[in-house]
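The structure appears right after this line, and notes come after that.
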Amino acid sequence: MSIIKIKKNTVYTLVIWEIQEDINSLLQQLQPTTEELIEIEKFKNQNRKKQNIVSRLILNQLATKKVKLNYSENGVPLCTIFKHISISHSKNFCSVIGSQNKIGIDIQYYKKNILEISPKFINQTEKTTSKENKEILHFIWCAKEAIYKTLNGITCSFKENIHVKDIKNKHVTRGYYLNGEKTIKYDVYCEKIELYFMAIATIKL
């Protein structure tokens, strides 16, 4: 088992797993049901298979028993041990977060071309405050992805509808979903782990 981080607080439980195992080893740990195996085999890419297996292993560990991982019609992950869960994976990292409140998580491996792709997701204000700092751009991207995951698959523009305030040294900031008269406010926490960038978005109550 390669869990590298567990974080529990009054709002959420977070687990990050660094995938070092091969498929057979992960399957041996999971002991999948026939239904689970059918779902896993839908992924043709070996890394995606591993990520799906690890997501299930993390949830089983949090529940201390075997639990089902389901998905809504909009692709939102569902599990009985938490009212809301969010899952993200990038390369060898898989993260699962659970909460009684709506929550989103995103994790991304460092991208060399982040400056080139940033116009697709940052607005003019974010461009000014980020000063084209590559780390900040990664955090903005992750924060917007995390916020989007709380919106149940609705169509929106990362550039126009999702906004992230200036990210300070402590990597705590605010985010907003804006659409006409509708506004949803978020607390956003960002963290860098090795060459991975992570953001957690929780709806501000």
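Following our numbering, the numbering of the sequence shown begins with 1 at its first residue and continues without gaps. Backbone N, C-alpha and C fix where the C-beta goes; we use that ideal spot for every residue, glycine too. Every value quoted in this text rests on a predicted model; they were computed, and no experiment measured them.
Cα atoms of Tyr189 and Lys112: separation of roughly 23 Å, rounded to the nearest angstrom. For the options Leu137, Phe93 and Phe121, the alpha carbon positioned closest to that of Tyr196 is the one of Phe93. Taking all protein chains shown into account, Tyr71 has fewer than 16 neighbouring C-beta atoms within 10 Å of its C-beta and is therefore exposed. Taking every protein chain shown into account, the CB of Asn152 has fewer than 16 other CB atoms within 10 angstroms, so this residue is exposed. Beta-bridge partners of Pro77 (DSSP): Tyr71. A direct Cα-to-Cα measurement between Lys44 and Glu181 gives close to 42 Å. Per DSSP, reduced to three states, the secondary structure at Tyr189 is strand. Under the three-state reduction of DSSP output, Ile200 falls in the strand class. With contact defined as three or more Cβ pairs closer than 8 Å, the region 58-66 and the region 74-89 are in contact. For Leu69, same chain residues with a beta-carbon under 7 Å away, outside a window of 5 residues either side, are Ser55, Arg56, Leu59, Pro77 and Cys79 in chain order.
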